[in-house]
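Engineer: First residue of the sequence shown: 351, per this note's numbering; consecutive thereafter.
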Amino acid sequence: MASQQPFSQRQHLHSMWILGLTALIFILDLFTPLGVATGALYIFIILATLFIGQRKFTLFLGGLTTVLIIMGLFLSPGGDANGHAILNRIIQMAAIGATVPLALTQISNINRIMTSEERLDLALQGTDEGIWDWPDTKLDQEWWSPQFYALLGYTPEEVSPSFSQFKALLHPEDHQPTTKALEDHFRHHVPFDVEYRLRTRSGEYRWFRGRGRSAQRHPKGPIRMVGSIDDITQRKNAQEKVRLIIEAAPSGMLMIDAHGKIVLANQLLARQFGYPHDALLGQTVERLVPLRYQDSHSAQRTAFFASPTSRQMGRGRDLFGLRRDGSEFPVEIGLNPVTTEEGTFVLASIIDITQRKKAEEFLADQNRLLALNAEVGRIINQTRELQPRLQQCTHAIVDSLHVAFAGIWTLNQNKPLLELEGSAGPSAHVNDLQRHIPLGQFTIGKIAAEKIPHVTNTVIGDPRVLEQDWATREGLVAFAGYPLIKGQNVVGVIAVFGKYPLGNSTLDTLKMVGDRITAAIERHFVRQALQELSRRNERILASAGEGIYGLDNEGLTTFINPAGARMLGYEAEELLGIPIHAAIHHTRSDGSPCPSEGCPMTAPLKDGDLHQVEDDLLWRKDGNSFPAFFTSSPIRDHADNSIGAVVVFSDITDRKHQERHLKELSNRLTLATQAAELGIWEWNIQENTLTWDSQMYVLYGLEPKSKVVSYESWANALHPQDRPSAEEAVQRAIQGKQKLDTEFRVLWPDGSVHWIRTIGSVEHDSAGMAIRMIGINWDITETKASQKAILQHTKDLEVSNQELDDFAYITSHDLKEPLRGIANYSRFLLEDHGPLLPEEGKEQCHTIIRLTQRMESLIESLRYYSRVGRTELAILPVNFDALLDDILLTLKPRLEETQVTIKRSSPLPTWPCDGVKIREVLANLITNAMKYNDKPEKWIQLSAQILPDSGHLEIAVRDNGIGIPQAHQQNIFRIFRRLHSRDKFGGGDGAGLTIVKKIMERHGGTIRLESTMGEGTTFFVALPPSHTGKGQDS
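(1) Starting from the Cα of Trp1033, find the closest Cα among Arg1073, Asp812, Lys956, Ser1111 and give me that residue.
(2) Report yes if the CB atom of Ala845 is closer than 7 Å to the CB atom of Gly831, and no otherwise.
(3) Check Val827 in the structure and name its three-state DSSP category.
(4) Measure the alpha-carbon distance for Ala922 versus Val998 and round it to whole angstroms.
(5) With a Cβ-Cβ cutoff of 7 Å, do Phe1401 and Ala531 count as a contact?
(6) Run the CB neighbour count on Ala1042, radius 10 Å, all protein chains shown included, and call it buried at 16 or more, exposed below.
(7) Near His931, which residues of its chain fall below 7 Å by C-beta distance, leaving aside the five closest residues on each side in sequence?
(8) With DSSP run on the structure shown, which of helix, strand or coil describes Thr689?
(9) Report back the beta-carbon spacing between Val841 and Ile871 to the nearest angstrom; my notes put them in contact at under 8 Å.
(10) For the alpha helix (DSSP H) containing Val1080, name the first residue and the last one.
(11) Looking at Asn587 and Met603, is the spacing between their C-beta atoms short of 7 Å?
(12) Glu692 to Asp607, Cα distance in whole Å?
(13) Is Asp524 buried or exposed, if buried means 16 or more other CB atoms sit within 10 Å of its CB?
(14) Mind pulling the beta strand (DSSP E) runs of 3 or more residues that sit fully within the region 1083-1111?
(15) Nearest to Val696 by CA position, among Phe670, Arg706, Pro680, Phe655, is which residue?
(16) Quick check on this structure: which residue in Leu789, Gln784, Ala518, Ala756 has the alpha carbon closest to the alpha carbon of Lys765?
(17) Please classify Asp534: does DSSP put it in a helix, a strand, or coil?
(18) Could I get the ranges of all uninterrupted beta strand (DSSP E) runs contained in the region 589-647, with 3 residues as the minimum, in chain order?
(19) Per the DSSP calculation, Asp543 is bridged to which residue(s)?
(20) Near Val544, which residues of its chain fall below 6 Å by C-beta distance, leaving aside the five closest residues on each side in sequence?
(21) Can you tell me the Cβ-Cβ gap for Thr856 and Leu751, rounded? I've got them flagged as a contact below 8 Å.
(22) By the 10 Å Cβ neighbour count, where 16 or more other Cβ atoms means buried, how is Pro1375 classified, buried or exposed?
(23) Across which residues does DSSP place Trp1128 in a beta bridge pair?
(24) State buried or exposed for Met1119, treating a residue as buried only when at least 16 other CB atoms are found within 10 Å of its CB.
(25) Using the DSSP secondary-structure output, state which residues sit across from Gly897 in a beta bridge.
(26) Assuming Leu1097 contacts Ala1135 under a Cβ cut-off of 8 Å, what Cβ separation, rounded to an integer in Å, is found between them?
(27) Determine the extent of the beta strand (DSSP E) in which Ile1296 is found, giving its start and end residues.
(28) Per DSSP, Arg574 is paired with what?
(29) Considering Pro485, what are the terminal residues of the alpha helix (DSSP H) in which it resides?
(30) How about Asp858 and Gly919: do their beta carbons lie closer than 7 Å?
(31) Tell me Glu1304's beta-bridge partners as DSSP assigns them.
(32) Taking Gln732 as the reference, which of Pro1227, Gly1086, Asp957 has the closest Cα?
(33) Beta-carbon separation of Leu1386 and Glu771 under 7 Å?
(34) Are the region 667-683 and the region 622-637 touching by the rule of at least three beta carbon pairs closer than 8 Å?
(35) Pull the bridge partners of Ala774 from the DSSP assignment, please.
(36) Given that a residue counts as buried once 16 or more other Cβ atoms are within 10 Å of its Cβ, and exposed if not, what is Ala445?
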């Protein structure tokens, strides 16, 4: 305090002057009568100075005393020198001597206070902060500085300084945190430093930082609190911008201070680490670091703040984040120091690179697998024998997958046995049991039989695994096998054994390389088959319509069929033994030469693959060319050695003409489409504006652009009966439930009605909301009229068909009696007058009888056909297994007589139909299959399936008979149409298949056929799952 400080030299001089003056007053006062009273007054002044210490009161008493002393000097008579006066002067002198230093110190303190007040006033005028003083926190009254008012825009007359007024200006959302900050300050001595919003005179809320401290002079005295407010609106706005930027960042973002506290974090980062957003703020960043790295991370953070620079964290090292649930995930972190008024912070961007790591691992695996695939492809494409190539493939698989054993088995083509073609690996010492595995036995045999891949990591103890001793000795724990399938046929198995667990990725690898190996095995089998077929093919070359010639390994012609020589304008002998490329394929269509090295016709001689060219140019002997399509295929012997190639070519001149014609038609169609009277419209759904082109106005009977159209005007133009359904179709299209494709009637202004069809599509925004619809309209009034006429015509045809059925039935019934009479009279004539008739007459009588019998058979078929169209069907569930058993039992004598073998799939389903009629259908088809077969080993195959698209039951009757020419395949369903004379294949009147087709149509089903001359025919009959024909349910 100031009273404890030593006197300065100047204060000492002042004391000497006052002591001298006091001594002079004492000498003069010896002769005055007021000495006692004056001394008493001096004592009172001394006590007041010592105990009151009030600046103004001390000055007042000091001045009053001086005046009284002067008055005592001049008003009292001298010579009064009694003892009391002397004693008073002595006490006065002592008191003044003791008081002077204290008074001087007090005056010095007062000067310093006045100086401090002047400095405070200057500071308050020069600072941007508003100062407030709350003298007694139990009272409401406060003091606010002018700058406080300036920051809020108020005057003291408008707003009185008080705590209640402060709360009235406080933003409602900031009441609770501000009140809590005050309570924490008073109760727990937490520094009062809080940010809040205050309402300014303009009504705007601005952000302020409020700080303050409290003091209490003595325990029972009032608590005084003084503080300041600082306008931080700009900083808060800037922080909000930063927060929005950070929140919008594509990576997790957080900001920490020098103590490692998280002061800012975006929602993405909170989701990455599995925390609620607010739970991260105020926590140390080490909470997000795995435990094993937390100590080192704290030290590294301190080092970074000592020398902050923008850089990537942990370059060259793997970084991990710790989620709330304790799981870790790989991250990539970028550090950027940020310096503000509040200090240095670090803004960190954190990217979850889990997917990238997985992608990198996936790419590494893929690169490894692609390398293996490429290596297997390189091996497979070699021209060596199959077995060495498969052996080399197993070595590649072992090297890539790091397995202990890899093997490839192929299925024997003549017996159900898998044979080991190649094996490799540290454990690749196998015995005969592993070299030959029966189909369906053990793991590998079951994979082939079931066509299902298999992977297991419990090899030891698995009874399906061969050689348990071998597996135990080699330490094998895992197995993976994959069937090699081509189409529906298994050609082999590829399998591996490992000393470490294997996963589904191993099956993916086996599938990838297995596809290549399967193709190689299949090519091997195909080549063998081609070699066997080549001899047979040579026999039919002469009858082929396409050009066919063969090449040896030198590219010389070995044969050419007549059609090929004819197309090229040569005699066949002229082309034999010469390089045919130089004769017919020497020049391209643009006139440039075609070198023999790149000729696709001879390419199979080099690469062993099939080559096909859609459009090339071949040259005739006379120098003219023609466009050709050709295929060049390799020919191999039984040892898979190339022995040449066969080329099949055809003249596609007519096809080229057709293509040009089709192109012209396409151009015409384009022009026709452009010229079609289609109206185009566009509806902005959100703005509810409708745009029409000129044709739309024509379609609605309006002058083009005669009025502004809207959705409401379009709806008002609809026929009242069609408006609800049309608007419902539009709404369903907007909702995405169906496409807009509907028809409706519109009323023209002249009262006429026109049919319109509309098709439209809906465009949606990123949120899935429909924003626009575009479509077309066209007039279908004439189409509707045509449909109405067609419907009436159909009804008329049904009536006509019924009349024809009735006519056929009546005619067949009425014709039978005259025919029987003619036949009977012819028999009577032979019996009664046979001896009198010449041989020619007898023969004519027999001819009459034979022809009438034939006519009667035809009439009976016609009558039955008409009855099929008239009889109602009895639809019931029919067991087709039982139905076929009954048919085959009936036909058994005939089947045994013709030595026909029946093949059938079982079981067959139960299906709704007229069992009697369908029995007749199947019996007819089986009988025909027996009749029209000239093979020494005849067979008929019966099968059934449910078609996935329509749900129909399709029954197939397949034979290996004579076949039906393509040109006659539709005629066989016409009544009384036969493809052979009546004395061949058992005769017949030609009505059977017509009746079969009629029965299928009555059921709402179909009948079709596929046939190849000399190889056989397949009839397919399809029955619907529910009766939809013209019959009637029983």
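Every residue, glycine too, gets a C-beta built ideally from N, C-alpha and C.
Structural biologist: By the coordinates alone:
(1) The count along the sequence shown starts at 1 and reaches residue 1033 at position 683. Here the closest residue by C-alpha is Ser1111.
(2) Taking the first residue of the sequence shown as position 1, residue 845 is located at position 495. Taking the first residue of the sequence shown as position 1, residue 831 is located at position 481. In this structure, Gly831 lies closer than 7 Å to Ala845 by Cβ.
(3) To locate residue 827, count along the sequence shown from 1; it is residue 477. In the three-state reduction of the DSSP assignment, Val827 falls in the coil class.
(4) Locating residue 922 in the sequence shown gives position 572, where the first residue counts as 1. Locating residue 998 in the sequence shown gives position 648, where the first residue counts as 1. One C-alpha to the other measures close to 15 Å.
(5) Residue 1401 cannot be examined here, being either before or after the span of the chain that is shown, 351 to 1384.
(6) Reading the sequence shown from its first residue, position 692 is the one you call residue 1042. Position check: residue 1042 holds Trp in this sequence, whereas Ala was assumed. Answer is buried; the Cβ neighbour count reaches 16.
(7) Here residue 931 is taken as the residue at index 581 of the sequence shown, counted from 1. Once the five neighbours on either side are set aside, the close Cβ partners of His931 are Gly905, Ser946, Cys949, Met951, Thr952.
(8) Taking the sequence shown and counting its residues from 1, one reaches residue 689 at position 339. Looking at Thr689 - three-state DSSP - the assignment turns out to be strand.
(9) Your numbering for residue 841 matches position 491 in the sequence shown. Your numbering for residue 871 matches position 521 in the sequence shown. About 5 Å separates the two Cβ atoms, so the contact holds.
(10) In the sequence shown, residue 1080 corresponds to position 730, counting from 1. Membership of Val1080 in the alpha helix (DSSP H) is indicated by the continuous run 1073-1084.
(11) Along the sequence shown, read from residue 1 onward, the residue named residue 603 stands at position 253. Along the sequence shown, read from residue 1 onward, the residue named residue 587 stands at position 237. No. Outside cutoff.
(12) Translated into positions along the sequence shown, residue 692 becomes position 342. Translated into positions along the sequence shown, residue 607 becomes position 257. Approximately 10 Å, taken between the alpha carbons.
(13) For this step, residue 524 is matched to residue 174 along the sequence shown. The residue is buried, with at least 16 neighbouring Cβ atoms inside 10 Å.
(14) The qualifying runs are 1090-1097.
(15) In the sequence shown, residue 696 corresponds to position 346, counting from 1. Taking each of Phe670, Arg706, Pro680, Phe655 in turn and checking the Cα distance to Val696, the smallest one comes out for Phe655.
(16) To locate residue 765, count along the sequence shown from 1; it is residue 415. Ranking the options by Cα distance to Lys765, first place goes to Leu789.
(17) Counting from 1 along the sequence shown, the entry for residue 534 is found at position 184. Here Asp534 sits in helix by DSSP.
(18) Runs of the beta strand (DSSP E) inside the region 589-647: 602-606, 612-615.
(19) Position 193 of the sequence shown, counted from the start, is the residue given in the question as residue 543. Answer is Arg561, bridged to Asp543.
(20) Start at 1 with the first residue of the sequence shown, and residue 544 comes out as number 194. Scanning its chain for C-beta atoms nearer than 6 Å, with the 5 sequence neighbours on each side dropped, one finds around Val544 the residues Thr528, Ala531, Gly560, in chain order.
(21) Stepping through the sequence shown from its first residue, residue 856 is reached at position 506. Stepping through the sequence shown from its first residue, residue 751 is reached at position 401. Yes, they are in contact, since the Cβ atoms of Thr856 and Leu751 sit about 7 Å apart, within 8 Å.
(22) Position 1025 of the sequence shown, counted from the first residue, corresponds to residue 1375. By the Cβ-count criterion, Pro1375 is exposed, with fewer than 16 other Cβ atoms from all chains shown falling within 10 Å of its own Cβ.
(23) Within the sequence shown, numbered from 1, the residue matching residue 1128 stands at position 778. Arg1107.
(24) Position 769 of the sequence shown, counted from the start, is the residue given in the question as residue 1119. It is exposed - the Cβ of Met1119 has fewer than 16 other Cβ atoms within 10 Å.
(25) Position 547 of the sequence shown holds residue 897. Bridge partners of Gly897: Phe999.
(26) Position 747 of the sequence shown holds residue 1097. Position 785 of the sequence shown holds residue 1135. Your pair Leu1097 and Ala1135 does not check out as a contact, with CB atoms roughly 17 Å apart and the cut at 8 Å.
(27) Sequence index remark: in the sequence shown, residue 1296 carries index 946 (1-based). Secondary structure note for Ile1296: its beta strand (DSSP E) is the uninterrupted segment 1288-1296.
(28) Taking the sequence shown and counting its residues from 1, one reaches residue 574 at position 224. According to DSSP, residue pairing for Arg574 in a beta bridge involves Ala565.
(29) By 1-based counting over the sequence shown, the position of residue 485 is 135. Here Pro485 belongs to no alpha helix (DSSP H), and DSSP marks it neither H nor E.
(30) Here residue 858 refers to the residue found at position 508 when the sequence shown is read from its first residue. Here residue 919 refers to the residue found at position 569 when the sequence shown is read from its first residue. Between Asp858 and Gly919, the CB-CB gap reaches or exceeds 7 Å.
(31) Taking the sequence shown and counting its residues from 1, the one referred to as residue 1304 is at position 954. In DSSP, Glu1304 forms a bridge with Gln1295, Ala1372.
(32) If you number the sequence shown from 1, residue 732 lands on position 382. When only C-alpha atoms are compared, the closest one is Asp957.
(33) Here the chain covers residues 351 to 1384 and nothing more, so residue 1386 does not appear.
(34) Touching, yes, given that three or more Cβ pairs across the two stretches are closer than 8 Å.
(35) Numbered from 1 along the sequence shown, position 424 holds the residue referred to as residue 774. Note: Ala774 sits in a beta bridge opposite Ala756.
(36) If you number the sequence shown from 1, residue 445 lands on position 95. Caution is warranted here: a pLDDT of 49 is assigned to Ala445, below 50, making its placement in the model unreliable, and the coordinate value is therefore given only provisionally. Result: buried.
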